[in-house]
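One structure is given here, and the rest of the page talks about it.
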Amino acid sequence: MTDVLLEVENLTVEFPTDDGVVTAVRGVSYELRQGESLGIVGESGSGKSVTSMAILGLLPKNARVSGSVRFRGEELLGRSDSELSGFRGRKIAMVFQDPLASLNPVYTIGDQIAEAMLAHNPVSKQVAHARALELLELVGIPNAKQRMGAYPHELSGGMKQRVVIAIAMANNPDVIIADEPTTALDVTVQAQVLEALEAAREITGAALVLITHDLGVIAGHANRLCVMYAGRLVETGSVDDIFYAPRMPYTLGLLGSLPRIDSKTRLTPIVGSPPSALNMPPGCPFGPRCPMFAAKCEAEEPPLYYATPDHHAACHFHQRLIDVKPGEIFQ
Amino acid sequence: MFAFAARRLMISIPVLLVASFMVFVMITTSGDPLQALRVTNPPTPPETIALEAHRLHLDMPWYERYFNWFGGLLRGDLGPSVNVRENINEEVWSRFFVTLRLVLLAMVLALIMAIVSGVVSAVRQYSKVDYSMTFLGFLFLAMPSFWLAILLKEAGIFLNQVDGDSDSRIFFTYGDRSAFLEDPTAWNRFTDVAGHMILPTLALALITFASWSRFQRSSMLEVLGSDYIRLARAKGLRWRKVLTKHALRTALIPLTTVSALDFAGILGGAVITETIFGWHGMGQYLTDSINTRDAYALMAWLLLAGSIVVIVNLIADLLYGVLDPRIRHD
Amino acid sequence: MTDQLEVTPATKAPETGGFGVRERTQTEIVVRRFLRHKLAVGSLVLLILIVIIAYGGAALWKYDLHSTPDISQPPSWEHPFGTDGPGHDWLARVLRGLQQSIKIALSVALIGTVLGTIWGSIAGYFGRHVDNALMRLADLVIILPGIAVAATLASLGEGTWWMIAVIIGGLASANVSRLIRGVVLSLREQDFIEAAKALGASDTRIILRHLVPNALGPTIVSATILVAVGILAETGLSFLGFGVQSPDTSLGLLVQEAAGAVNTRPWLFYFPGLFIILIALTINFIGDGLRDAFDPKQTRVRQ
């Protein structure tokens, strides 16, 4: 177990609102091991971003977080903001969804990268800037030297995201959490950004948590996968297990709605929309949208059952799904 | 940047001229500045009235008077005042600087108060501090400037008497300077003027800071909720550094525009404040000129006020360009 | 024939009914959001009370603007707000001042909003030269200190209340026009306006059916705030001697009359001043509540 970097256990996040308490994350547990790349997939609002923000204590003050988050065995939850800032960027770095808004408009990108270094290392500004330039080159920014003095608005979206990746690399972190790093970008640029992320992982040796709603992004870039639905993990396992032998109808539905060039099967969309986090119905949250809905699903929420030792699925009827194709259950 | 400034002035000058024309027409076509002369007892001789009318160009048609005034303006002559002993040029400039120092100092004070209270409110949103700041902001926003000024003036008078010695004086409550100084060294003159400024500046600043504080609070809140603040925190910067280097620096930018746009309003507030504290400034000059129907003096007043508003807004725009790299005037 | 005549309104009714329902739900959302803002609701109640007292109270109160034999009396049961030097009952004066100030402030809001909305929407909708000309006109008003221009203009007339309202409202409309222009400009770029244009809707139709309803929120908020602006401007103007003229009175004039006697007869100074503050304060709170209620981007989850 020594190679476990990050352990999330029974993480729950609640937000009080005018209309009642919203439970955004409900008892999520996972482990991230050295050198691993873990994908987290789910629709927007499934709680995947909130989970990652909770790890570094970046949620708004009114968020109520419980459970446990351990980095190399050290508990992170409940630490003060200044203690956590020692972990942020240095041990665990983050890349956010919207690169257009992630950089401060009034500082040059060179300053913003160097700042990440200076936050944790007692080095001179010159050294930090030299390192910043090096990082810009590593993430594939052309004319890096001139771009050091550029302001964010002078860069394209893809370039900005690569700057954010360079910032994440600045302190050779052990973990990089990338939260929908390509969602806000053009399809043509997405590949470049993923490449930069891959390079960052290789150079820093960091383990990666890749959060996305796009199974296509996961396919080439993750070893293990967690599927989230309505604030919970509903299926976890290796990418191969989940792609080729899914045991949860929701995962099956996601795979069925993924267009594939190599297959002529019809796309099968999942009907309906996820439940509101405000009035979560009892029973399986996917129940109302599930083609296999049965009385048991209404009565009790399925726990994460063992499908195989390394593959879990939150479905009462996961055994029925062995060797089932999406088109066979979704119409 | 120079080209931008020149372009802005090129747009503003015609606006000012059109404004001057409209105001001129309105003032000169109504009211009679010689009314006081006509009703004297014993009656003023008609020759005197005719001479006075000629001196004030009242014997010209209004359009001729305007062009005459405009020609004088280009030569630096602001026209004759109803008050024979006064030269509009000298009068308006000396009063202008008296008022300008009040307005600028009140603005600086208001900005400091607004930034501090707005930022503290935003950082401690929904705390007791936030609620009290918000309440104070709303209170001063609702307070008529003249009422607050009188209140402060009376408070000053009260505090001066509180030690029972009517000669000792902590606050000056009348005039912009003492009429007579026993030892008029430069330092004494300076402290005298500064002493006279305390209460009026405070009155004007308190009225002004309220809306800016509200504005600064929401601007700061918007920045604090932004993605780049989240990234700055994710980098591992300490909260204090995130606040000062990232949040404050960016959240201050919009206030430059807002404070400059309010400049004309503050000038208006100064008119009222000065009246209450008996200053020999632009405020008194305005009310006197209106009451004596002194058309040329009023024109000078409005033109000067308009010009300074234009200049202040131009400075704010240039400053905005310096503060925000997204907007560069070149 | 008679049957058919009876049928016609019946078939029309569901249409208007349906339309009404949609409108009501939108209004309902705004009203519900506003009602959640307790301070705003409390302020509204208080403001209505003040207006009722100003008009109803003056009619019922035993004294009018004429002087009484009681000279310089502090507040008592007989004269709740005391009396001034010539023996005027100060409550009667304050009530009359309230009436005048409220009347002017409401007129300022009405004039400023109507004029400013027309001004701003024409500028924003037609753009180009029309926009340029109209906005330079707005600059012209904004460049000069409003109180100075208002004082100059007011001194030309006889100080009737509607004249003062027209002057302040007219000057205020320049600011409103800028706000409305901004709203229209941003709306103009929205897809539903494009869609309406593509469908061949006329300018008038687009303005009336699409722009006006969408600009309603900011307009109502700005109109509310204008009431506060109006009361502060009017009282300031009256204080300087260019607003409401004696023998009539306004809250500003009352403060001016009391200015010399703050230490000796403080009641004369505090009562009219407190009413100005109370009105402006309640209106600002109401405006704040309305802004929150109208803002569609407002999320209920607050940070």
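Residue numbers (numbering that gives the first Met the number 0), protein chains in the order written: chain A, 0 to 330; chain B, 0 to 329; chain C, 0 to 302. Just so you know, even glycine gets a beta-carbon here, dropped at the ideal spot from N, CA and C. Fair warning: this is a prediction, and the values are worked out from it, not measured in the lab.
| Query | Result |
| --- | --- |
| Endpoints, the alpha helix (DSSP H) within which B/T291 is located | Taken as a continuous stretch (DSSP letters only), B/T291 belongs to no alpha helix (DSSP H), as it is neither H nor E. |
| Contacting residues, own chain, Cβ-Cβ under 6 angstroms from B/L301 (five flanking each side not counted) | V22 |
| Cβ-based burial, B/L180 [other Cβ within 10 Å; buried from 16] | exposed |
| Identified DSSP bridge partners for A/F14 | A/V21 |
| CB contact flag (C/I110, C/W160, <8 angstroms) | no |
| Pick from B/Y284, B/T291, B/A2, B/L201 that is closest to B/V107, judged by C-alpha positions | B/L201 |
| Boundaries of the alpha helix (DSSP H) in which A/V216 is found, first to last residue | 214-220 |
| For A/N278, three-class secondary structure by DSSP | coil |
| Neighbour flag for C/S221 against chain B, beta carbons, 8 angstroms | no |
| Whole-Å CB distance - B/A121 paired with B/L254, under 8 angstroms assumed | Contact doesn't hold; Cβ gap of about 13 angstroms is too wide. |
| For A/G157, the first and last residue of its enclosing alpha helix (DSSP H) | 156-168 |
| A/A169 versus A/N222 - alpha carbon distance | 24 angstroms |
| Residue-chain proximity (B/A231, chain C), Cβ-Cβ < 8 angstroms | no |
| Under 9 angstroms (Cβ pairs) to chain A, residues found in the stretch 72-106 of chain B | none |
| Distance CB(A/V40)-CB(A/L253) smaller than 8 angstroms | yes |
| Where A/D322 falls: helix, strand or coil (DSSP) | coil |
| Whole-angstrom C-beta distance between B/D226 and A/S101, which should lie under 8 angstroms | 5 angstroms |
| Sequence-distant residues of its chain with Cβ nearer than 6 angstroms to A/P284 (five each side left out) | A229, P274 |
| Beta-carbon contacts of A/L132 that lie in its chain and below 8 angstroms, excluding the five residues immediately before and after | G109, A143, K144, M147 |
| CB contact below 8 angstroms: C/I146 versus chain B | yes |
| Residue-chain proximity (B/K152, chain A), Cβ-Cβ < 8 angstroms | no |
| A/Y305, buried or exposed, once every other Cβ within 10 Å from all chains shown has been counted against 16 | exposed |
| C/R21 versus C/G199: straight-line alpha-carbon distance, rounded | Residue placement at C/R21 is flagged as unreliable, the pLDDT there being 46, under the threshold of 50; a coordinate-derived value is accordingly withheld. |
| C-beta neighbour in chain B for C/R305, strict 8 angstroms | As shown, chain C starts at 0 and ends at 302. That puts residue 305 of chain C outside it, with no answer to give. |
| Chain-ordered residues of the stretch 106-127 of chain B with a beta carbon less than 8 angstroms from chain A | none |
| Close beta carbons around B/K152, own chain, < 7 angstroms, minus the five adjacent residues each side | T172, L198, I275, F276 |
| Spatially closest choice to B/L205 from B/D316, B/I10, B/L110, by CA coordinates | B/L110 |
| Candidates A/I210, A/P245, A/V238, A/P121, of which the one nearest A/G44 by Cα | A/I210 |
| Collapsed DSSP secondary structure at B/R7 in the structure displayed | helix |
| The alpha helix (DSSP H) enclosing A/I176, as first and last residue numbers | Taken as a continuous stretch (DSSP letters only), A/I176 belongs to no alpha helix (DSSP H), being part of the beta strand (DSSP E) at 174-178. |
| First through last residue of the beta strand (DSSP E) which encompasses A/E234 | 231-237 |
| Presumed contact (8 angstroms Cβ cut-off) between B/S288 and B/L297, rounded CB distance | 5 angstroms |
| Closer than 9 angstroms at the beta carbon, the chain B residues around C/N283 | F137, L140, A141 |
| Closer than 8 angstroms to chain B by CB, A/R63 | no |
| Simplified DSSP state of A/F70, which is helix, strand or coil | strand |
| Minimum Cβ-Cβ distance from C/V300 to chain B less than 8 angstroms | Note that C/V300 has pLDDT 37, beneath the 50 cutoff, so the model's placement of it is unreliable and the number below is only indicative. Closer than 8 angstroms: no. |
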